[in-house]
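Taken in order, these protein sequences are the chains called S and U. In terms of the numbering used here, the first sequence has 415 at position 415, counting the first letter as 1, and numbering is strictly consecutive. In terms of the numbering used here, the second sequence has 56 at position 56, counting the first letter as 1, and numbering is strictly consecutive. C-beta atoms are modelled at their ideal positions from N, C-alpha and C, and glycine is treated no differently. First the structure, in the form of structure tokens, and then the observations on it.
2 protein chains.
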Amino acid sequence: MLVEKKDPGLGQPAQERLTIEGIKELRAKAGKLYAPTASYSDSDMFKSPQAYGKPKAKRWDHLLSQESKAREACVLKLAAKHLKKPGLISLGGGLPSAENFPIDSLTMHVPTPPRFTEAETAASGQDVRIGKYDVARGENGGVYDLSIAMNYGQSVGSAQLLRWVTEHTELVHRGLPYSDWRCALTIGSTGALEQALRMFCDRARNDAILTEEYSFSTALETTAPLGIKVFGVKMDGQGLLPGDMDEILSSWDEKARGARKPTVLYTVPSGQNPTGATQSEQRRRDIYAVCQKHDVFILEDEPYYFLQMQPYTGPNTPAVPSPATVEEFLDGLVPSLLTMDVDGRVMRLDSFSKVVVPGSRIGWITASEQIVERYIRHAECCSQGPSGISQILMYKLVDETWGHEGYLKWLMHLRLEYTRRRDTILAACEKHLPRDIVSWVPPAAGMFLWLKVDHTKHPQASSKSILEIEEAIFNTCIDKGVLAIRGSWFRAERDHAPSGLFFRTTFAAASEAAMDAAIERFGAAVRENFAATA
Amino acid sequence: MLVEKKDPGLGQPAQERLTIEGIKELRAKAGKLYAPTASYSDSDMFKSPQAYGKPKAKRWDHLLSQESKAREACVLKLAAKHLKKPGLISLGGGLPSAENFPIDSLTMHVPTPPRFTEAETAASGQDVRIGKYDVARGENGGVYDLSIAMNYGQSVGSAQLLRWVTEHTELVHRGLPYSDWRCALTIGSTGALEQALRMFCDRARNDAILTEEYSFSTALETTAPLGIKVFGVKMDGQGLLPGDMDEILSSWDEKARGARKPTVLYTVPSGQNPTGATQSEQRRRDIYAVCQKHDVFILEDEPYYFLQMQPYTGPNTPAVPSPATVEEFLDGLVPSLLTMDVDGRVMRLDSFSKVVVPGSRIGWITASEQIVERYIRHAECCSQGPSGISQILMYKLVDETWGHEGYLKWLMHLRLEYTRRRDTILAACEKHLPRDIVSWVPPAAGMFLWLKVDHTKHPQASSKSILEIEEAIFNTCIDKGVLAIRGSWFRAERDHAPSGLFFRTTFAAASEAAMDAAIERFGAAVRENFAATA
Numbered sequence: 001m002l003v004e005k006k007d008p009g010l011g012q013p014a015q016e017r018l019t020i021e022g023i024k025e026l027r028a029k030a031g032k033l034y035a036p037t038a039s040y041s042d043s044d045m046f047k048s049p050q051a052y053g054k055p056k057a058k059r060w061d062h063l064l065s066q067e068s069k070a071r072e073a074c075v076l077k078l079a080a081k082h083l084k085k086p087g088l089i090s091l092g093g094g095l096p097s098a099e100n101f102p103i104d105s106l107t108m109h110v111p112t113p114p115r116f117t118e119a120e121t122a123a124s125g126q127d128v129r130i131g132k133y134d135v136a137r138g139e140n141g142g143v144y145d146l147s148i149a150m151n152y153g154q155s156v157g158s159a160q161l162l163r164w165v166t167e168h169t170e171l172v173h174r175g176l177p178y179s180d181w182r183c184a185l186t187i188g189s190t191g192a193l194e195q196a197l198r199m200f201c202d203r204a205r206n207d208a209i210l211t212e213e214y215s216f217s218t219a220l221e222t223t224a225p226l227g228i229k230v231f232g233v234k235m236d237g238q239g240l241l242p243g244d245m246d247e248i249l250s251s252w253d254e255k256a257r258g259a260r261k262p263t264v265l266y267t268v269p270s271g272q273n274p275t276g277a278t279q280s281e282q283r284r285r286d287i288y289a290v291c292q293k294h295d296v297f298i299l300e301d302e303p304y305y306f307l308q309m310q311p312y313t314g315p316n317t318p319a320v321p322s323p324a325t326v327e328e329f330l331d332g333l334v335p336s337l338l339t340m341d342v343d344g345r346v347m348r349l350d351s352f353s354k355v356v357v358p359g360s361r362i363g364w365i366t367a368s369e370q371i372v373e374r375y376i377r378h379a380e381c382c383s384q385g386p387s388g389i390s391q392i393l394m395y396k397l398v399d400e401t402w403g404h405e406g407y408l409k410w411l412m413h414l415r416l417e418y419t420r421r422r423d424t425i426l427a428a429c430e431k432h433l434p435r436d437i438v439s440w441v442p443p444a445a446g447m448f449l450w451l452k453v454d455h456t457k458h459p460q461a462s463s464k465s466i467l468e469i470e471e472a473i474f475n476t477c478i479d480k481g482v483l484a485i486r487g488s489w490f491r492a493e494r495d496h497a498p499s500g501l502f503f504r505t506t507f508a509a510a511s512e513a514a515m516d517a518a519i520e521r522f523g524a525a526v527r528e529n530f531a532a533t534a
Numbered sequence: 001m002l003v004e005k006k007d008p009g010l011g012q013p014a015q016e017r018l019t020i021e022g023i024k025e026l027r028a029k030a031g032k033l034y035a036p037t038a039s040y041s042d043s044d045m046f047k048s049p050q051a052y053g054k055p056k057a058k059r060w061d062h063l064l065s066q067e068s069k070a071r072e073a074c075v076l077k078l079a080a081k082h083l084k085k086p087g088l089i090s091l092g093g094g095l096p097s098a099e100n101f102p103i104d105s106l107t108m109h110v111p112t113p114p115r116f117t118e119a120e121t122a123a124s125g126q127d128v129r130i131g132k133y134d135v136a137r138g139e140n141g142g143v144y145d146l147s148i149a150m151n152y153g154q155s156v157g158s159a160q161l162l163r164w165v166t167e168h169t170e171l172v173h174r175g176l177p178y179s180d181w182r183c184a185l186t187i188g189s190t191g192a193l194e195q196a197l198r199m200f201c202d203r204a205r206n207d208a209i210l211t212e213e214y215s216f217s218t219a220l221e222t223t224a225p226l227g228i229k230v231f232g233v234k235m236d237g238q239g240l241l242p243g244d245m246d247e248i249l250s251s252w253d254e255k256a257r258g259a260r261k262p263t264v265l266y267t268v269p270s271g272q273n274p275t276g277a278t279q280s281e282q283r284r285r286d287i288y289a290v291c292q293k294h295d296v297f298i299l300e301d302e303p304y305y306f307l308q309m310q311p312y313t314g315p316n317t318p319a320v321p322s323p324a325t326v327e328e329f330l331d332g333l334v335p336s337l338l339t340m341d342v343d344g345r346v347m348r349l350d351s352f353s354k355v356v357v358p359g360s361r362i363g364w365i366t367a368s369e370q371i372v373e374r375y376i377r378h379a380e381c382c383s384q385g386p387s388g389i390s391q392i393l394m395y396k397l398v399d400e401t402w403g404h405e406g407y408l409k410w411l412m413h414l415r416l417e418y419t420r421r422r423d424t425i426l427a428a429c430e431k432h433l434p435r436d437i438v439s440w441v442p443p444a445a446g447m448f449l450w451l452k453v454d455h456t457k458h459p460q461a462s463s464k465s466i467l468e469i470e471e472a473i474f475n476t477c478i479d480k481g482v483l484a485i486r487g488s489w490f491r492a493e494r495d496h497a498p499s500g501l502f503f504r505t506t507f508a509a510a511s512e513a514a515m516d517a518a519i520e521r522f523g524a525a526v527r528e529n530f531a532a533t534a
């Protein structure tokens, strides 16, 4: 996997990059954050001065759907501007009084960086306490409390967590090439994807999107009912092939395809689900160039971005030294499409699901001001933003308790956890799988290993379809006690016959001993199916 | 306000109704709930045997949108059925391992029923502790823990909270008239409404809905961008007028109206936003009959249902004795449309926002199996259900700590809190408002007082429009230091001139002293505007 990083800042001098120290200075200068119940906030309140020395993003009016263009600002939220008037008494918003919130305090026990394991958390973790009136009383940090978190909030998210997310985004994607980027919290990337699709695609316009030929099944199930057609782009071990994408778009025949030329690419650049493929920096640049050429907007879905692992060196070889500092860790990450996005044609989807907990139902998007504004207008009429309870716990953890450095150390810890798990499944594959039939690319990121089964070697290859062989192997797997997911379930174009035979396995969930047994069973199932029957 | 309740069970003998004791017996019989990470569950697992002795709901295929009909089951969730096989090792779902969840335990401090005030909570509240592995370790109840709540879950909600919600629904809406009703958790009623609109309405079909002539502005803003037209039904002090609704539907002219005859009614029966009107039992029966006559599906949005207050008796009169028992409390509630729903044509939207905390972002719907199934198929591709962190806190509070009886006592406590607040604002109105110009109906539920200003008495009534007078009063109010919301912002048909001049005020948020001052300022603003200028 190519993970070298030459110039993530696109020519920007290194000294201009925002650092953890720089964030501390900015916060000190800004003074204590005052953000009471349902406060308005946006990323511009938290971006560094460096972020503004670039041109603005392009406008996307010509791509927006009828639905998105029709959204107007919430009339009650407009009235909120009067709340700033000193001495004004509001009989306006129907917000319950915090005195009627029956949770008085919350305390969570969390690890102290860098001692992140469960045993270390039990031994040296800390209790983080959150009271109802911490802001008024100046207690427990005095910035965010239950009276705020448990009431209604803004759909963009609380100012407290939005500040952290904005800073984190600037820290990681150093030097975004346009100035008017913003973040907004989401209820997770599945919901954010649905909103994005409704923002850019119209059933009535006969819109279509492009994605990897094998793609996240829930994303496909989100797209289809909206009347949006999905077309798959061929892949190799580094994921989506820009040449094939260019070819598809250059030769687009609306009539033959039954859909308008796609204006949206949905891609998972790192540890793609289901293939585990990670796009190299050059691959990303090439994909971006094709999107520029055909004026395609990019939905960059990156739940596994921070699950980029140590390079795989093979069994019984010395491990590559892990990053020694958070700077080294950040330098080692493949640059995001966001860092290459001179046009502002990327909406990046981040999520806490894979790197903290899925049950928080919190993620965030980063995109141009225009796109984020349209997104928030929609969120005000559907999710209204993520759970305030989740937000305050996440804020207390990643901001007040860990800080940016502690959080990056947590990600470095996870990197090694996932490296170990990946190496375990790869060792099991090398031990148990028939190498003449089953092949794989060691994943550089994520939680999936994509196993390619050479169906041409099957004794009934000429009479049985790939789907039939796949189903037979799947059933034998279940009989033998292992669940691996059928590759055909991920086809972007479900009505087309698959070109190959694949199974998706994950190394995220099962214990390491169980993974070895599971791969052994999978190998036995393949061998049984490929044995010439008498 | 008519809040008498004659026969909420529709003729069902009282002994068949589910009681709190009955729930305890059912739970004892069912044994300890076992619902590990991402368990499937549905209300049928938790309904009482009494719930099944009724006919099934009607089918609604003829009303469903193209989008809703196209939804298919999630392919990865289908694979989950194999997980039941003993000894099977899953390399299937990409669920992170709980060992990588950095929150080890949560503790919340909550009141002990019936001592619910903040002072009582501080003095006699209890600490509720939640560990990561409580289920495996048999600790802290052993039914629901952080390893489950912080991982992915089912979109219908966790079995633990769904059980409570199902039981609560059966307890409150005693004797639903059809058997195949179900509940599903939501991320709040705004999101649930958007999903419902996408389920029943099609832009391409030129669909329309009916609602109160003054309606919740966010609901209107949710509807409009979907290309769904909204038509308002006239109201009186008891809300929507069934006669006007019948008249609108009977005389529907698709061409003149520019939309198909409405197939959906969106209504807030109790403490309607913005008018504060509460439909009596007879009013609800009459509305239901009109919906049957015209085959209209009902979205019953009831965030304020449990904010039904004590009857208003006027200033300096003895208070009506409050309900002595939870049974008396339940008997005093106006029956829901759900209890009248022989066809299964109601989707009821409930929410914890107004009665526990808005920041949980948890509510639930109740409807027929067909409708709930379509709803969940959509939720799997957008919200994926509410935050697991919110779910476990809410479960621990309302189920394990309070139980059904404790929760009903909490609602009884809130009833008196809101009664006191309402009586405060009404006393202020009687003291400070010019009764010859401003009039109101004392609200029987909710958090809003709707003030009608007689614009015909304005000195420039013949030359100024209602909107102009409304704007002038609003601005004077801001000058004098009070924010009251302009009635015209809630018009269902925004392009039509309003028929009257109204302001919405809330008694939920401001302190009781501030409310008196605010109403005094409002009165002064009205007087100033209505004073004949020389």
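| field | Candidates U:D286, U:R260 and U:S124: closest to P269 (chain U) by CA position | value | The sequence position of residue 269 (chain U) within the second sequence is 269, counting from 1. Answer by Cα proximity: U:D286.
| task | Compare the C-beta of V3 (chain S) with all C-beta atoms of chain U and state if any pair is closer than 7 angstroms. | result | Position 3 of the first sequence, counted from the start, is the residue given in the question as residue 3 (chain S). In this predicted model, V3 (chain S) has a pLDDT of only 33, less than 50, meaning its place in the structure is not dependable; the value taken from the coordinates is given anyway. Not closer than 7 angstroms to any Cβ of chain U, the Cβ of V3 (chain S) fails to qualify, so no.
| query | DSSP three-state call for K77 (chain U): helix, strand or coil? | reply | To locate residue 77 (chain U), count along the second sequence from 1; it is residue 77. Looking at K77 (chain U) - three-state DSSP - the assignment turns out to be helix.
| query | In three-state DSSP terms, what is W164 (chain S)? | reply | Position 164 of the first sequence, counted from the start, is the residue given in the question as residue 164 (chain S). The answer is helix: DSSP assigns W164 (chain S) an H, G or I state.
| said: Against chain S, does A518 (chain U) count as a neighbour if the rule is that its beta carbon must be under 7 angstroms from one of theirs? | reply: Taking the second sequence and counting its residues from 1, the one referred to as residue 518 (chain U) is at position 518. Chain S contact via Cβ: present.
| Proximity of L337 (chain U) and Y288 (chain U) at Cβ, strictly below 7 angstroms | Along the second sequence, one-based indexing puts residue 337 (chain U) at 337. Along the second sequence, one-based indexing puts residue 288 (chain U) at 288. Yes, these two residues count as a Cβ contact at 7 angstroms.
| task | With 7 angstroms as the threshold, decide whether the Cβ of G481 (chain U) is near any Cβ in chain S. | result | On the second sequence, position 481 is the one that residue 481 (chain U) refers to. For G481 (chain U), the answer is yes, since a Cβ of chain S falls inside 7 angstroms of its Cβ.
| request: Have a look at S:N100, S:A324 and S:H109 and flag the residue whose alpha-carbon is nearest the alpha-carbon of L393 (chain S). | output: Residue 393 (chain S) sits at position 393 when you count from the first residue of the first sequence. Minimum Cα distance to L393 (chain S) is reached at S:H109.
| Cβ of A514 (chain S) less than 7 angstroms from any chain U Cβ? | Residue 514 (chain S) sits at position 514 when you count from the first residue of the first sequence. By this cut-off, A514 (chain S) is an interface position.
| request: Taking a Cβ distance cut-off of 8 angstroms, strictly less, list which residues of the segment 64-75 of chain S are near chain U, in chain order. | output: Q66, E67, S68, A70, R71, E72, C74 and V75
| task | Inspect the beta-carbon positions of G502 (chain U) and K452 (chain U) and report whether they are closer than 7 angstroms. | result | Taking the first residue of the second sequence as 1, we reach residue 502 (chain U) at position 502. Taking the first residue of the second sequence as 1, we reach residue 452 (chain U) at position 452. At residue 502 (chain U) the sequence reads Phe, which differs from the Gly that was named. It is a contact, given that the beta carbons lie within the stated cut-off.
| field | C-alpha gap between S353 (chain U) and T476 (chain S), whole angstroms | value | One-based indexing of the second sequence puts residue 353 (chain U) at position 353. One-based indexing of the first sequence puts residue 476 (chain S) at position 476. Each residue's alpha carbon lies about 49 angstroms from the other.
| query | Contact check, K583 (chain U) vs I437 (chain U) under 8 angstroms by CB: the rounded distance? | reply | Residue 583 (chain U) is absent from the structure shown; chain U starts at 1 and stops at 534.
| task | Check whether the Cβ of H109 (chain U) lies closer than 7 angstroms to any Cβ atom in chain S. | result | Here residue 109 (chain U) refers to the residue found at position 109 when the second sequence is read from its first residue. Chain S contact via Cβ: present.
| Which stretch, first to last residue, makes up the alpha helix (DSSP H) that contains W402 (chain U)? | For the purposes of this step, residue 402 (chain U) is taken as the residue at position 402 of the second sequence. Counting along the chain, W402 (chain U) falls outside any alpha helix (DSSP H), and DSSP gives it neither H nor E.
| For T222 (chain U) versus W364 (chain U), is the C-beta spacing smaller than 7 angstroms? | Locating residue 222 (chain U) in the second sequence gives position 222, counting from the first residue. Locating residue 364 (chain U) in the second sequence gives position 364, counting from the first residue. No, the pair does not count as a contact, with Cβ atoms beyond the cut-off.
| request: Decide yes or no for the touch test of the segment 97-109 of chain S against the segment 129-136 of chain S: beta carbon pairs closer than 8 angstroms, at least 3 of them. | output: yes
| said: Using 7 angstroms as the threshold, is the C-beta distance between S68 (chain S) and R260 (chain S) below it? | reply: Looking up residue 68 (chain S) in the first sequence gives position 68. Looking up residue 260 (chain S) in the first sequence gives position 260. The answer is no: Cβ separation not under 7 angstroms.
| Mapping DSSP to helix, strand and coil, what is V482 (chain S)? | On the first sequence, residue 482 (chain S) is found 482 positions in, with the first residue counted as 1. Three-state result, V482 (chain S): strand.
| field | One or two residues paired with L501 (chain S) in a DSSP bridge | value | Locating residue 501 (chain S) in the first sequence gives position 501, counting from the first residue. S:V453, per the DSSP bridge assignment.
| said: Which residue marks the beginning of the alpha helix (DSSP H) containing Q50 (chain U), and which one marks its end? | reply: Position 50 of the second sequence, counting from 1, holds the residue named residue 50 (chain U). First-last for Q50 (chain U): undefined, no H or E at that position.
| Nearest to K54 (chain S) by CA position, among S:D350, S:P177 and S:E468, is which residue? | As a first step, residue 54 (chain S) must be located in the first sequence, where it is residue number 54. Nearest option by C-alpha distance: S:P177.
| field | Beta-carbon gap between E281 (chain S) and V230 (chain S) smaller than 7 angstroms | value | Counted from its first residue, the first sequence places residue 281 (chain S) at position 281. Counted from its first residue, the first sequence places residue 230 (chain S) at position 230. Contact flag unset, no.
| How big is the Cα-Cα spacing for E300 (chain U) and L193 (chain U)? | Here residue 300 (chain U) corresponds to residue number 300 of the second sequence, with the count starting at 1. Here residue 193 (chain U) corresponds to residue number 193 of the second sequence, with the count starting at 1. Looking at the two C-alpha atoms, the distance is approximately 10 angstroms.
| message | For A513 (chain S), count the other beta carbons within 10 Å of its own beta carbon; 16 or more makes it buried, fewer makes it exposed. Which is it? | response | To locate residue 513 (chain S), count along the first sequence from 1; it is residue 513. It counts as exposed.
| query | Taking C-beta to C-beta, are P86 (chain S) and W402 (chain S) nearer than 7 angstroms? | reply | By 1-based counting over the first sequence, the position of residue 86 (chain S) is 86. By 1-based counting over the first sequence, the position of residue 402 (chain S) is 402. No, Cβ-Cβ distance for P86 (chain S) and W402 (chain S) is not below 7 angstroms.
| said: Would Q160 (chain S) and Y144 (chain S) be called neighbours here (beta carbons separated by less than 7 angstroms)? | reply: Position 160 of the first sequence, counting from 1, holds the residue named residue 160 (chain S). Position 144 of the first sequence, counting from 1, holds the residue named residue 144 (chain S). The answer is yes: Cβ separation under 7 angstroms.
| said: Looking only at its chain, what residues have a beta carbon closer than 7 angstroms to the beta carbon of W252 (chain U), apart from the 5 residues adjacent to it on each side? | reply: In the second sequence, residue 252 (chain U) corresponds to position 252, counting from 1. If we look at W252 (chain U) and ignore the five residues flanking it on each side, its Cβ neighbours are K261.
| request: Mind listing the chain U neighbours of L91 (chain S)? Cutoff is C-beta to C-beta under 7 angstroms, in chain order. | output: Indexing the first sequence from 1 puts residue 91 (chain S) at position 91. The contacting residues are V482, L483, A484, T505, T506, A510 and A518.
| task | Drop a sphere of 10 angstroms on the beta-carbon of K396 (chain S), count the other beta-carbons inside from all chains shown, and report buried for 16 or more, exposed for fewer. | result | Looking up residue 396 (chain S) in the first sequence gives position 396. Classification of K396 (chain S): buried, given that the 10 Å Cβ count is 16 or more.
| request: Name, going along the chain, the residues of the segment 152-186 of chain U whose beta-carbon falls closer than 8 angstroms to a beta-carbon of chain S. | output: Y152 and G153
| request: Return the CA-CA distance between N316 (chain S) and S97 (chain U), expressed in angstroms with no decimal places. | output: Here the question's residue 316 (chain S) lines up with position 316 in the first sequence. Here the question's residue 97 (chain U) lines up with position 97 in the second sequence. Rounded to the nearest angstrom, the two C-alpha atoms are 26 angstroms apart.
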